[in-house]
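Each step along the sequence shown adds one to the number in numbering that gives the first Met the number 0, with nothing skipped, and position 45 is 44.
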Amino acid sequence: MLATVESELRGKLLDIVEDIEGLGLHRDDPWWMVVREAAQERRRAAVPR
Numbered sequence: 000m001l002a003t004v005e006s007e008l009r010g011k012l013l014d015i016v017e018d019i020e021g022l023g024l025h026r027d028d029p030w031w032m033v034v035r036e037a038a039q040e041r042r043r044a045a046v047p048r
């Protein structure tokens, strides 16, 4: 079940990214770098130590 939810969320996120890129914003733009860095920090924080 968790894998299904994760798969659905990934699909929705990819749709959002495609929509944003369709607006002419690209991954090398500063806004994307900020979003990517925030996501990486969140993933690191979620890893149990």
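Don't be surprised by glycine CBs; every beta carbon is placed ideally from N, CA and C.
Asked: Which value, in whole angstroms, describes the spacing of the CA atoms of Ala38 and Met0?; Found: 23 Å
Asked: In this structure, how does DSSP classify Met32 when only helix, strand and coil are distinguished?; Found: helix
Asked: Among residues of its own chain, excluding the 5 on either side of Asp18, which ones have a beta-carbon nearer than 6 Å to its beta-carbon?; Found: none
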